[in-house]
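Let me begin by presenting the structure, written as structure tokens, before commenting on it.
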Amino acid sequence: MFKNSESAADNQSFRKILSGAGMLTVARVAGDLASALLFIFVSRAFGVEGVGLYAYAFAVAQIAQLIVDFGFVDYGLREYSRTDEPMRQRILANAISLQLFFLAIVSLGLWAYLSLTNADPQTASLVCLLALYQILLNFFLMLITPAISSQRMAAPALTEIVFRVGGAIVAIGLISIGGMGIVVSLSALPLSALGMVVASVFIARRFNGPLRLGIDRGVALPMVRPAATFAASSIIVGLYAKLGLIILIFLEGKAAAGTFATGLKLVDLGMAPLLFLGIAVFPRLARSFESDAADMMHIAAQYVRLTFILGILVCWGMIFVVPPVLPYLLGPDFAEAGPAVMLMGVVALLTALDSAAYRLMWVTHQQERRLRIQVISLLVNVILNFSLIPVFGVTGTIYAAILTLCLMLVLAAGPINSSVPSKNWKPIMRACLLPTLSGLAVGAVASMLSMPVWFAASATLLTLISTGRIFGLLDLDLLRTPV
341 MFKNSESAAD NQSFRKILSG AGMLTVARVA GDLASALLFI FVSRAFGVEG VGLYAYAFAV
401 AQIAQLIVDF GFVDYGLREY SRTDEPMRQR ILANAISLQL FFLAIVSLGL WAYLSLTNAD
461 PQTASLVCLL ALYQILLNFF LMLITPAISS QRMAAPALTE IVFRVGGAIV AIGLISIGGM
521 GIVVSLSALP LSALGMVVAS VFIARRFNGP LRLGIDRGVA LPMVRPAATF AASSIIVGLY
581 AKLGLIILIF LEGKAAAGTF ATGLKLVDLG MAPLLFLGIA VFPRLARSFE SDAADMMHIA
641 AQYVRLTFIL GILVCWGMIF VVPPVLPYLL GPDFAEAGPA VMLMGVVALL TALDSAAYRL
701 MWVTHQQERR LRIQVISLLV NVILNFSLIP VFGVTGTIYA AILTLCLMLV LAAGPINSSV
761 PSKNWKPIMR ACLLPTLSGL AVGAVASMLS MPVWFAASAT LLTLISTGRI FGLLDLDLLR
821 TPV
């Protein structure tokens, strides 16, 4: 009787996590779809070089945002979930105040970077505009920490749908109807992000109580060092793909960067559910790590299984579904991007696995080891990019990303297994690996026999589903009950 009651409670709790992740995912996917539609209008209005400029400005802006964040979105969520009132309010107040301080430093750094690179007025304006957009989104994520910690996702999700989707639609209208330039058209984005910040203030007050600013040395100083580890980790993650894009733009030009940016955009869109699954599951894993090993393993095992399922589906879609429709969506200039997008499907799958790996390392207090792995991998990534881009062009950047992600996963496997040892890891690895190899074999045979794309896609998907059922990847009972 007690065991059944405990199982029911575990299932209900995990369903609550999935429900919260689902709300945030719906909001993020809606926003990403609107962003993807904006990407399509930018590509049609400004061509491959316009997309390259757009992607370059976003890359620089995202690096600026990661520095302003300083790891407090992830570290703050972990610490906020573990503490009680009134310490929670002090953690949030100090985190936001420190981010405002870093904003001043980043503003100066951004000005220096644009000056040193001799950016033309259009490039400089677009970089600043998108940096403001990204930084405002960062403050939105910081302010919804109390709601996420309470597993109350409805208000943050609704806010993102209304403002982020609305901002993208206004930008599309300015491009297509108003015929405005790229800078004027995209000015709608930071305005929409400002609306998100205003709404998030009211959300934070509801779950956190009064919001205050100020730096309390007794709270802020102990936060800075561990947060710096999270910050460095997040910045390096952002640098992997973005650094490849920046190197590509200097070595091969804006057109090549536009092709690579197309694949990156699709990866970002596909990773949205995984991002919010990780955010939703993170507080539960953090609370259970030191207090309930069984619950920790139960949630972690299901998290890894779902991450792989979603990752393999994104990979399949990028290989078989997306390339044929690219010229119709983005214009004839993107017809040659098909092979690069197919290869980026592998990047998507590896990125999904890495997202689970770093969450597990953060939860088990191995953020410093994770950072060391990332530093090594970043150096390797830079060497690979400079070595492979002159030989393979855009494909060289993708090869560099694949090899770097493989290295990171290999280096992370040992620490994760040592901190969360369980007999469940081997069955999960087998359940993930065997269907993947089976699907890869079927796809390779179909390609060698020159089968139609629709046939290869169908055969591969059916193989993944059937072998997934046979080897336990799609065993729904394992997703519903404690393992």
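Here the sequence shown stands for residues 341 to 823, numbered as in the working numbering.
Beta carbons: idealized from backbone N, C-alpha and C, even for Gly.
In this text the structure is predicted, and so the values were computed from the model without any measurement.
Same chain, Cβ closer than 7 Å to residue i, five either side skipped, listed in chain order
i      : result
Val505 : Ala370, Gly371, Ala374
Leu669 : Ile380
Ala601 : Val391, Gly392, Ala395, Leu585
Phe629 : Met636, Val703, Thr704
Alpha-carbon spacing of residue i relative to residue j, whole angstroms
i      : j      : result
His638 : Lys766 : 14 Å
Ile509 : Gly678 : 27 Å
Pro486 : Pro792 : 51 Å
Ala399 : Met748 : 22 Å
Asp694 : Leu745 : 7 Å
Val524 : Ala511 : 9 Å
Met658 : Ala741 : 16 Å
Val661 : Leu650 : 15 Å
Asn458 : Val665 : 37 Å
Val731 : Gly783 : 27 Å
Ile723 : Ile716 : 11 Å
Leu450 : Arg546 : 35 Å
Gln405 : Val538 : 18 Å
Ile517 : Ala471 : 25 Å
Counted within 10 angstroms of its Cβ, other Cβ atoms place residue i as buried (16 or more) or exposed
i      : result
Asp409 : buried
Ile445 : exposed
Lys343 : Only weak support exists for where Lys343 lies, its pLDDT of 42 falling under 50; the value from the coordinates is given anyway. Classification of Lys343: exposed, given that the 10 Å Cβ count is below 16.
Phe441 : exposed
Leu789 : exposed
Pro550 : exposed
Ile847 : In the structure displayed, the chain extends from 341 to 823; residue 847 sits before or after that span and is not available.
Leu773 : exposed
Leu719 : exposed
Ala452 : exposed
Gly618 : buried
Val785 : exposed
Trp656 : buried
Asn757 : exposed
Phe726 : exposed
Leu476 : buried
Pro461 : exposed
Proximal residues to residue i (C-beta, below 8 Å), its chain only, five neighbours per side dropped
i      : result
Val654 : Val607, Gly610, Met611, Gly685, Ala688, Leu689, Ala692
Leu625 : Met636, Ile639, Ala640, Tyr643, Arg699, Leu700, Val703
Gln439 : Val408, Asp409, Phe410, Phe412, Asn478, Phe479, Met482
Beta-carbon proximity of residue i to residue j, cut-off 8 Å
i      : j      : result
Leu591 : Ile729 : yes
Leu588 : Thr807 : no
Arg627 : Ala433 : no
Leu466 : Leu526 : yes
Arg645 : Ile768 : yes
Ala771 : Gly733 : no
Ala397 : Thr499 : no
Ile713 : Ala752 : yes
Ser447 : Ile555 : no
Gln402 : Lys605 : no
Leu683 : Thr735 : yes
Leu495 : Ile543 : Looking at the sequence shown, residue 495 is not Leu but Ala. Against a cut-off of 8 Å, the Cβ pair of Ile543 and Ala495 comes out as a contact.
Ser787 : Ala797 : no
Chain-order list of residues whose beta-carbon lies under 6 Å from that of residue i (same chain, five-residue window excluded)
i      : result
Ser540 : Phe480, Leu483, Ile484
Leu814 : Gly808
Thr569 : Gln707, Glu708, Leu711
Gly779 : Thr800, Thr803, Leu804
Ala376 : Leu609
Contact with chain D by residue i, beta-carbon distance below 8 Å
i      : result
Val722 : Structure shown: chain D not included; a single protein chain is present.
Near the ligand PLP: residue i beta-carbon under 7 Å from a heavy atom
i      : result
Pro664 : Here there are no bound small molecules, and the ligand PLP is not part of this structure.
Point to revise | Those runs of the beta strand (DSSP E) which lie wholly inside the region 748 to 813 and span at least 3 residues | key: Restricted to the region 748 to 813, not a single beta strand (DSSP E) segment is unbroken, complete and at least 3 residues in length.
Exercise for review: Could you pull out every unbroken alpha helix (DSSP H) segment of at least 4 residues lying fully inside the region 613 to 678, listed in chain order?
Suggested key: Listed in chain order, the complete alpha helix (DSSP H) runs (minimum 4 residues) inside the region 613 to 678 are 633 to 656, 662 to 670.
Point to revise | Secondary structure, alpha helix (DSSP H): runs of 4+ residues fully inside the region 448 to 521 | key: Taking only runs of at least 4 residues, the alpha helix (DSSP H) segments lying wholly in the region 448 to 521 are 461 to 483, 485 to 489, 494 to 500, 506 to 516.
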